[in-house]
Amino acid sequence: MRKVQFTPWFWVAAGVFVLLVVGALSTPLSPAGWAAAVGYLVVSSVLVSRGLLRRGSTRFGAANAVTATRSMLVGVATSIVVTSLNAGISSVLLVTIVAVALALDGVDGYVARRTDSVSELGARFDMEVDAFLLLVLCVYDARFVGGWVLAIGLMRYAFVAATWVLPILGRTLPYRYWRKVVAAVCGIVLAVIAAQVLPPVVDVIAAAGVLLLLLESFGRDILWTVRMNRTDARLVSLQKASARDGSR
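Read in this note's numbering, the sequence shown has 140 at position 156, and its numbers run on one by one without any break.
Spelled out as structure tokens, the structure:
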């Protein structure tokens, strides 16, 4: 019987095939673009495979298959963006691929709920794909609105780094639909900027608005973790007080 942890690697193979098609029919991809895409696909597949193995999963699930397809498209978009740093690329191709990935973002969660296969691993997989797509789009959009837009793409990774310094921020957050809304809005706005269909000043204003929206979302999560930490501290103090009272 096929081990489920090997399933993500099918999407690595699919991603390589799509990259070959893109390179042959549209935009020749640079060696750096190939390396970035394959590196992303391999690393993400290793992490998902390890997650499946640790949880003793017996099936990959349709929802994870949708997310893996999105991840594969993000890998292709990564290759195009890295190639664009030193060569001309088709922005239409990039925006089309990103648009499909964004459209699928609303599908995996729906499939998970319909098939009763919602899982922590699936939610984390979905979130990390969203975060990396935003980073890739920010790298591309920096030429249009300025390097400061990278703050949008790096915010998720800055938050992760902060949890290493302040472990209280690593507390598991409750589900909040607003996070999905913010991620979707960020992706759509950054894709529109990449398409260059709006005046430059509007692009800058839109990117700034997205940055503020993301700051609000992360700020709310940080405040929640701080409040929960204070609540836990009070509970511990009450428990200690009760223990002291009982020993008298």
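Even glycine gets a Cβ: it sits at the ideal position worked out from N, Cα and C.
These figures come from a predicted structure and were not determined experimentally.
Residue from the options whose Cα sits closest to the Cα of residue i
i      : options                           : result
VAL65  : MET111, ALA49, PHE(-10) and PRO12 : PRO12
ARG54  : PHE1, ASP89, LEU9 and ASN213      : ASP89
ASP92  : VAL188, MET111, ILE206 and ARG38  : MET111
VAL5   : SER101, VAL60, ALA107 and VAL79   : VAL60
ARG155 : ALA83, TYR161, ARG163 and ALA146  : ALA146
ASP205 : VAL166, ASP187, ASP100 and LEU118 : VAL166
LEU195 : GLY130, ALA8 and THR51            : GLY130
ILE73  : LEU199, GLY17, ALA107 and GLY193  : GLY17
VAL50  : THR(-9), TRP162, ARG140 and VAL0  : THR(-9)
LEU174 : VAL79, GLY7 and ALA52             : VAL79
LEU207 : VAL123, LEU157, VAL176 and TYR94  : LEU157
ARG214 : VAL176, VAL185, ILE152 and VAL186 : ILE152
PHE143 : TYR159, TRP162, PHE202 and SER33  : PHE202
SER14  : ALA107, VAL185, VAL210 and ALA71  : ALA71
Residue i in three-state terms, based on DSSP
i        : result
PHE44    : coil
LEU150   : coil
ARG228   : With a pLDDT of only 42 at ARG228, under 50, the local geometry of the prediction cannot be trusted, and the value read off the model is given with reservation. Helix at ARG228.
ARG214   : helix
LYS164   : helix
LEU222   : Confidence at LEU222 is low in this model, with a pLDDT of 40, below 50, so the placement of that residue is unreliable and no value is reported for it.
VAL181   : coil
MET(-15) : Summary for MET(-15): the model assigns pLDDT 36, below 50, so the residue's position carries little reliability; its value from the coordinates is reported in the next sentence. Of the three classes helix, strand and coil, the one that applies to MET(-15) here is coil, per DSSP.
ILE206   : helix
ALA145   : helix
TYR159   : coil
PRO12    : coil
VAL194   : helix
PHE(-10) : helix
VAL102   : coil
ARG39    : coil
GLY130   : coil
Cβ pair residue i, residue j closer than 8 Å
i       : j        : result
VAL120  : ALA126   : no
VAL58   : ALA96    : no
ALA47   : THR99    : yes
GLY45   : SER10    : no
ALA(-3) : THR62    : no
THR42   : VAL(-12) : yes
SER28   : TRP(-7)  : no
LEU198  : ILE136   : yes
LEU117  : GLY35    : no
SER75   : ALA190   : no
ALA168  : ARG140   : no
Q | Segments assigned beta strand (DSSP E), at least 3 residues, entirely inside the region 64 to 98 | A | As far as the region 64 to 98 is concerned, it has no whole beta strand (DSSP E) run of at least 3 residues.
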